[in-house]
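Engineer: Protein chains in written order, with our numbering: chain A, 1 to 126; chain W, 127 to 584.
One structure follows; several queries about it will come next.
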């Protein structure tokens, strides 16, 4: 009986030790990978506010800009009819964006929009 | 000038992202319901309900006084993307999986597994070139991320490329970043255009690029990983993501590796393609271009064909497509070696074939489309506008003007040089036509230099 008791204690100690070793082994098997960020840094642009506005559209010259995509002019023409009906003193200017205009050409074209009126509606963005 | 911009619901994130990129995050942007707008846009009557629902929002956006933030927004801060990241897992596989999950969650990967870009692997990649890791090649559209040699190396590791491929990848990136290459269109267009990457010169054989049967398919590490390294570099440096600011409607058909292949100069009856672009025979180059979905001609192994018959089919295909935007349109014709040799036996040189294609594809004036397929206006109006603003070169403009009248035959491209003829493919083989109908130039050939691990390209 004494031997059995001694064996039981030994078994318990061995189990505890083995458990500890397993934990240690699991801890030591952990792998940390250091990896590099693949993204390019973006120089932030200067952030600008948008133009102030307020009041009614009455008497305003509203520029409707068609971006040249199929159907854009149809939608703007519907808006033009509604604007004329609801704001009879407003002037509607249809000002299509030049065909096949691309981002490299836009800096030349944008200033011309400002010469057309007081406010703009620009679409449809695809 | 006060205004309102409108788009459709599917493009609202894209529009807001672009506004932020341009420094105007507060621009008032409205969205039409995409499921109602596109089906109704053909006529005003069907658009009326869409406009009715939109009108008050438009008036509000045009008249509502600005908030303090809209009037004077806080300045965007520089986001630093240079710190390394540490990921811990139960073992290597677990850590590697966590890196993959992190990168995909951050929109830094393409959906296929990546190689974790450890500093050691990146350094090994950088050893493939003489260039300094801090050298800058340019800013990548659409968000203008800075393309350093180091960042391209990180993406090349992720793609599984070997360090000896690195100079090829860098030369390709230089081509995409050339000021004459309209990368914005390729990176963001709804058209889902796919880059073409053509390797020419002795380095192609040294790196074991496939130029034969299956040249656009899997199985060759150079073709697959060079293309993927470029794709990941463009994705991460330009910072694009589907449904956010990459709006290719179907996605690119070769989304992971692009159309990456080499010319088979040994079997070509003509001088290498890069010689036609002004380089010396023996030079190592990468040509980067863009294409819609390629078309296949010829009989392959299953049907009879003749070289002249193939060329005639291609002529018909191009001519039927119409003129549209001749100032930037170009075609890359990839002839399989047997077809090229037969054409040469019939007396064609690369130049005479280019001239033949240029002449035969001209469209009768009477067949110019009254409305182009991509927008509003006629083909004649587009051509005249392209002449007026100089996009059709002054030395070619008169040819167009002389033919914009009854009986005229209008060229589909500016000059014979816009037919790029390359020899690659198997025996038997098919012939491929890559066409780019874009609005701006998107084709560059760049010399490969600075290689340290190959005999060619040093």
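For each residue, glycine too, the CB sits at the ideal point set by N, CA and C.
These numbers were taken from a predicted model, which means no experiment stands behind them.
#1: At least one CB of chain W closer than 8 Å to the CB of residue 126 (chain A): is that the case?
#2: How many angstroms separate the CA atom of residue 491 (chain W) from the CA atom of residue 469 (chain W)?
#3: What does the Cβ neighbour count give for residue 546 (chain W), buried or exposed, with the cut at 16 atoms within 10 Å?
#4: If you draw a straight line from the alpha carbon of residue 186 (chain W) to that of residue 376 (chain W), how long is it in whole angstroms?
#5: Between residue 147 (chain W) and chain A, is any beta-carbon pair separated by less than 8 Å?
#6: Use the C-beta contact count for residue 353 (chain W): other C-beta atoms within 10 angstroms, 16 or more gives buried, fewer gives exposed.
#7: Output, in chain order, the set of chain A residues within a Cβ distance shorter than 8 Å of residue 154 (chain W).
#8: Can you list, in chain order, the residues of its chain whose CB lies under 6 Å from that of residue 326 (chain W), leaving out five sequence neighbours each side?
#9: Taking 8 Å as the threshold, find out whether the region 281-290 of chain W comes into contact with the region 354-361 of chain W through three or more Cβ pairs.
#10: Would you call residue 62 (chain A) buried or exposed, if buried means 16 or more other Cβ atoms sit within 10 Å of its Cβ?
#11: Which of the three DSSP states is assigned to residue 559 (chain W) in this structure?
#12: So with Cβ pairs under 8 Å, would you call residue 70 (chain A) a contact of chain W?
#13: Run through chain W and tell me which residues come within less than 7 Å of residue 123 (chain A), C-beta to C-beta.
#14: Give a yes or no on whether 8 Å exceeds the smallest Cβ distance from residue 167 (chain W) to chain A.
#15: Where do the ends of the beta strand (DSSP E) carrying residue 132 (chain W) lie?
#16: For the region 241-273 of chain W, which residues have a beta carbon sitting closer than 7 Å to at least one beta carbon of chain A?
#17: Taking the alpha-carbon positions, what's the residue 195 (chain W) to residue 201 (chain W) distance?
#18: Just checking: is the beta-carbon of residue 561 (chain W) within a distance shorter than 8 Å of some beta-carbon in chain A?
#19: How long is the line joining the alpha carbons of residue 124 (chain A) and residue 464 (chain W), rounded to whole angstroms?
#20: Would you mind giving the Cβ-Cβ distance between residue 449 (chain W) and residue 557 (chain W), rounded to the nearest angstrom? I have them listed as a contact below 8 Å.
#21: Label residue 339 (chain W) either buried or exposed according to how many other C-beta atoms from any shown protein chain fall within 10 Å of its C-beta, with 16 as the threshold for buried.
#22: Who are the neighbours of residue 114 (chain A) on chain W, taking C-beta pairs under 7 Å?
#23: For chain W, find out if any of its Cβ atoms is closer than 8 Å to the Cβ of residue 2 (chain A); answer yes or no.
#24: Return the residue from the list W:317, W:128, W:365 that minimises the CA-CA distance to residue 43 (chain A).
#25: For residue 318 (chain W), which three-state DSSP category applies?
#26: To test your reading of the DSSP string, which unbroken beta strand (DSSP E) runs of 3 or more residues are found completely within the region 411-486 of chain W?
#27: Would you report the Cα separation of residue 75 (chain A) and residue 168 (chain W), rounded to the nearest angstrom?
#28: Compute the Euclidean distance between the alpha carbons of residue 554 (chain W) and residue 407 (chain W), then round it to the nearest angstrom.
#29: Got a sec: is the Cβ-Cβ distance from residue 523 (chain W) to anything in chain A below 8 Å?
#30: Straight-line CA distance for residue 386 (chain W) to residue 299 (chain W)?
#31: Check the Cβ of residue 486 (chain W) against every Cβ in chain A and list those closer than 9 Å, keeping chain order.
#32: Report yes if the C-beta distance between residue 487 (chain W) and residue 31 (chain A) is below 8 Å; otherwise report no.
#33: Confirm, please, whether the CB-CB distance from residue 207 (chain W) to residue 37 (chain A) is below 8 Å.
#34: Between the C-alpha atoms of residue 40 (chain A) and residue 263 (chain W), what's the straight-line distance to the nearest angstrom?
#35: When you compare each of A:72, A:126, A:86 to residue 58 (chain A) by their alpha carbons, which one comes out closest?
#36: Along chain A, which residues have their Cβ under 8 Å away from the Cβ of residue 209 (chain W)?
Structural biologist: Well, looking at it:
#1: So, interface residue.
#2: 30 Å
#3: buried
#4: 35 Å
#5: yes
#6: By the C-beta density criterion, residue 353 (chain W) is buried, having at least 16 other C-beta atoms within 10 angstroms.
#7: 50
#8: Once the five neighbours on either side are set aside, the close Cβ partners of residue 326 (chain W) are 389, 398, 399, 400, 411.
#9: Below 8 Å, enough C-beta pairs join the region 281-290 of chain W and the region 354-361 of chain W to call them touching: three or more.
#10: buried
#11: Three-state result, residue 559 (chain W): strand.
#12: yes
#13: 131, 132, 133
#14: Chain A contact via Cβ: present.
#15: 129-134 is the extent of the beta strand (DSSP E) around residue 132 (chain W).
#16: 242, 243, 244, 245, 248, 266, 269, 270, 271, 272, 273
#17: 11 Å
#18: no
#19: Rounded to whole angstroms, the separation of the alpha carbons of residue 464 (chain W) and residue 124 (chain A) is 49 Å.
#20: At roughly 23 Å, the Cβ-Cβ gap does not stay under 8 Å, so residue 449 (chain W) and residue 557 (chain W) are not in contact.
#21: exposed
#22: 127
#23: At residue 2 (chain A) the pLDDT is 45, less than 50, meaning the model places this residue with poor confidence and gives no usable figure here.
#24: W:365
#25: coil
#26: 411-417, 421-423, 456-461
#27: Spanning the two alpha carbons is a distance of roughly 9 Å.
#28: 27 Å
#29: no
#30: Each residue's alpha carbon lies about 13 Å from the other.
#31: Within chain A, no residue comes near residue 486 (chain W); the closest Cβ sits about 25 Å away, beyond 9 Å.
#32: no
#33: yes
#34: Rounded to the nearest whole angstrom, the C-alpha separation of residue 40 (chain A) and residue 263 (chain W) is 12 Å.
#35: A:86
#36: 37
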